[in-house]
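K.L.:
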Amino acid sequence: MSTGFALDAGLVLDAGLAALVLAVAVGAIVAGTAFAAVVGFVTYGLLLALVWVRLAAVDVALTEAAIGSGVTGAVLIAAAARLRPAEARSAAERPGVPLRLAAAVLSALVAAGLAMLVLLPSAPAPSLGPAAAVHLPELAIGNPVTAVLLAYRAIDTLLEKIVLLLALLGVWSLAPDRFWGGAPGQPHAAQQDGALALLARLLPPVGIVVGVYILWVGAVAPGGAFQGGAILAAMWILVMIAGLRDAPATGGRRVRLLLVVGPAVFLAVGLAGFVVADGFLAYPASYAKPLIIAIEVVLTLSIAVILGLLASGPPGRERQR
Amino acid sequence: MSAETLYGLCAAALVGLGLFGSIVDPQPLRKILAFNLLGGGVFLLFGVIARRGAAAGMAADPVPQAMVITGIVVAFSATALAVTLLLRLFETTGQATLRTGAPARPDPDSDRAGS
Amino acid sequence: MRQVLDIFTVAAVSAGALFFLVGTVGLLRFPDPLTRLHALTKADNLGLGLVVLGLLPQAEGFLAGVKLVAVWLLAQLAGATVTQLVARAVRRGGPPA
Amino acid sequence: MSGGDESAWPVSATVVRAIGFLVFWLMLAGVNPADLPAAALAVAAATWTSLHLLPPGTWRLSPVGLARLVLRFPLQSVVAGVDVARRALDPRLPLRPGFVACPARLPPGTARDAFCTLTSLLPGTLPAGTGQDGTLLIHCLDVGLPVAAQLAREEALFADALCGGVLEERGGDG
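Residue numbers (numbering that gives the first Met the number 0), protein chains in the order written: chain E, 0 to 320; chain V, 0 to 114; chain D, 0 to 96; chain F, 0 to 173.
1. Give a yes or no on whether the minimum CB-CB distance between residue 76 of chain F and chain D is below 9 Å.
2. Sort E/12, E/29, E/16 by Cα distance to residue 17 of chain V and report the nearest one.
3. With contact counted as at least three CB pairs below 8 Å, one residue from each stretch, are the stretch 202 to 212 of chain E and the stretch 220 to 237 of chain E in contact?
4. Between the alpha carbons of residue 102 of chain E and residue 25 of chain V, how many angstroms are there, rounded?
5. Between residue 42 of chain F and chain D, is any beta-carbon pair separated by less than 9 Å?
6. Is residue 82 of chain D helix, strand or coil by DSSP?
7. Among all the DSSP beta bridges, which residues are the ones paired with residue 124 of chain F?
8. So who's on the other strand from residue 95 of chain F, going by DSSP bridges?
9. Assign residue 129 of chain F to one of three DSSP states: helix, strand, or coil.
10. Can residue 30 of chain F and residue 99 of chain F be called in contact, C-beta distance under 9 Å?
11. According to DSSP, simplified to helix, strand and coil, what is residue 79 of chain V?
12. Smallest Cα separation from residue 206 of chain E: which of E/238, E/309, E/15?
13. So within the stretch 26 to 52 of chain D, which uninterrupted beta strand (DSSP E) runs reach at least 3 residues, ignoring any that extend past its ends?
14. Rounding to the nearest angstrom, what Cα-Cα distance links residue 140 of chain F and residue 123 of chain F in this structure?
15. Which of the residues in the stretch 99 to 125 of chain E, read from start to end, lie with their CB under 8 Å from any CB of chain D?
16. Residue ranges of each alpha helix (DSSP H) run of no fewer than 4 residues wholly in the stretch 280 to 311 of chain E, ordered along the chain?
17. Could you say which of E/301, E/201, E/281 lies nearest to residue 47 of chain F if we only look at CA atoms?
18. In the DSSP assignment, what residue or residues form a beta bridge with residue 100 of chain F?
19. What number of angstroms, rounded off, separates the C-alpha of residue 86 of chain V from the C-alpha of residue 45 of chain D?
20. Drop a sphere of 10 angstroms on the beta-carbon of residue 258 of chain E, count the other beta-carbons inside from all chains shown, and report buried for 16 or more, exposed for fewer.
21. Determine the direct distance from the alpha carbon of residue 58 of chain D to that of residue 83 of chain F, and round the result to whole angstroms.
22. May I ask you to list the residues that DSSP assigns as paired with residue 115 of chain F?
23. Would residue 49 of chain E count as contacting chain D if we go by Cβ distances under 9 Å?
24. The stretch 71 to 104 of chain V: which residues have C-beta closer than 8 Å to a C-beta of chain E, in chain order?
25. Among the candidates V/82, V/44, V/29, whose CA atom is the shortest distance from the CA of residue 37 of chain E?
26. Comparing alpha-carbon positions, which option in E/111, E/149, E/128 lies nearest residue 266 of chain E?
27. Indicate, with yes or no, if the ligand FAD has a heavy atom lying under 8 Å from the CB of residue 7 of chain E.
28. Might you give, ordered along the chain, the residues of its own chain that have their beta carbon closer than 8 Å to the beta carbon of residue 60 of chain F, omitting 5 neighbours on each side?
29. Checking 9 Å against the spacing of the C-beta atoms, do residue 60 of chain V and residue 217 of chain E come in under that value?
30. Does residue 39 of chain E pass the burial test, meaning 16 or more other C-beta atoms within 10 Å, or should it be called exposed?
31. Is it buried or exposed for residue 75 of chain D, if we count other Cβ within 10 angstroms and need 16 for buried?
32. Classify residue 83 of chain V: buried if its beta carbon has 16 or more other beta carbons within 10 angstroms, exposed otherwise.
33. Name the two residues that bound the continuous alpha helix (DSSP H) containing residue 51 of chain F.
34. Kindly say whether residue 124 of chain F, judged by its beta-carbon, lies nearer than 9 Å to any beta-carbon of chain E.
35. Measuring only between beta-carbons, confirm whether residue 232 of chain E sits less than 9 Å from chain D.
36. Does any residue of chain E bring its CB to less than 9 Å from the CB of residue 90 of chain D?
Structure below.
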């Protein structure tokens, strides 16, 4: 009796959450201004993080809240504010009814096809869970998601770091030539903002403890380099937008070293695998856990710096020499 | 109906919604936003598949979950790059439109940047 | 003793939920963004405070209790900061450009 | 931006903050000797950041004043919440919203920012920036209430706790 009730209560919560996610998503798409749309999108991301918790994916929930909603939201909201002068004009270029109708039909078909896949699943649900569980004891990593990210599919994670670096290079190269190597942002003295400045003085130390904890606990529980790095990046971004500290010059040696140290150590350990283990990115059995933790620590640093600089945008000031 | 099916249907609707928005909305920034919304739907489908694949004492299949974490980070990189491209377009032409043949104003940096 | 604490928890958490509800009523009924901010921050902070207070007897140990209080304090700090930012933006007319 | 002069940091402030962050770590992670390296790293990084962002000496804390402030706070939260609840549920919606300009006697900077943040949690008041003449613009639910006087009293208590009671006298009438 009581379990039946609990299940029903859970399902009511799930149905309400799903409806809310959809409603907010519709709101973000049809919103009157780009600013309102971005606010809707950030809300959507946070609600999605709750959905991830309901799907037993706390690692993903942390990543979605920090990166998918938080840092992405910061980038989009800054862009919406900058693009406001052009908004009315480009919004007027709305496509005609035939195209909108065709797009609606196409979207509905895609959605219906996916819904069919959801409603008619293959009889034994496919799962790599048992395969992932086999080597967990040897790795001494209690969190299977961390094990997949840094052991079984380490090459994906390595390439993803390279993608992050490439994106940052792409962003930087969009700056006018004369700004190359300079600090990101507009060439104006960052003004300190009262209420925000206070938060930026009090919160970052707390955020650092939380970030390091999330990184450390990632070996045995939800958490890890991405989530911890995103929290550290958020603290840095807070300090920068509150005007307490300026963004660093993108040409600085220390900044560039921090950017590459994570991927470089990861790659070095991977190459060492040829010599001391079975091949690229193979860890010697007895050192797997310390190696993974060492990689995660430097990766966290690099991720934090890359995310912070991606959110700051291309260099906008000439380099001071 | 189970919670997984419920969220699966929600994910399918999100993909449709995001696809519609990214085709129909004329503003590039909102196309980027809609595309991210679409991405959220795709990731959620992964989450549903992972939850259905619960096995070996795990609450969900960790492989799709790890792929989604990678996916979220890559989606952010692409978004940051796309937004920067858009802002550069706006700085250079004074407008934010993807329409071909839009009148452009001369690039203020071209005298320095051009070779 | 256990039962008294449980009753206290139920009462305090319910009262907290009530204040969240009232804050939402204020959000819907109050006439302009600034008054709505009052409704949100004041009622929700008390609501969260009561929920935390109610959960304290259920916490496993001293540190878990500290964690609950820390959640309340951080939410207060964030809420108080964001409220001021929104209020200033509203006074200047619209979201920041 | 000051705070770069590391030799000037008093040991006591460093130790107090480090203990605070250690407690925060223990609260998150629990007491576990295996966590020692991570805990040490987290506490060191947090303390260093904290000393840089909020240099010691910014505030002159008085334990008695601080205790009074902390003890008053829950009561004020209740008053604030009940006040809003009463207005929200009253069918007549008794609101007389408006701005009240209060002269700010705390020196501009972190102390005043902290006071504004506290004020936004007090009953009936919501700081909405500073006017041209440096007064605090407070948005009130009921402009008929003696908001300015109430705020001046809070300011004095706050100054006792954080600034050694020092307030700038303004406008002649104190």
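No residue lacks a Cβ here, since even glycine has one placed at the ideal position from N, Cα and C.
P.N.:
Reading off the structure:
1. yes
2. E/29
3. yes
4. 13 Å
5. no
6. helix
7. F/139
8. F/141
9. strand
10. no
11. helix
12. E/238
13. none
14. 6 Å
15. none
16. 287 to 311
17. E/201
18. F/136
19. 43 Å
20. buried
21. 30 Å
22. None, per the DSSP bridge assignment.
23. no
24. 71, 72, 73, 74, 75, 76, 77, 78, 79, 80, 82, 83, 84, 85, 86, 87, 89, 93, 94, 95, 96, 98
25. V/29
26. E/149
27. The ligand FAD is absent from the structure shown, which contains no ligands of any kind.
28. 160, 161
29. no
30. buried
31. buried
32. buried
33. 35 to 52
34. no
35. no
36. no
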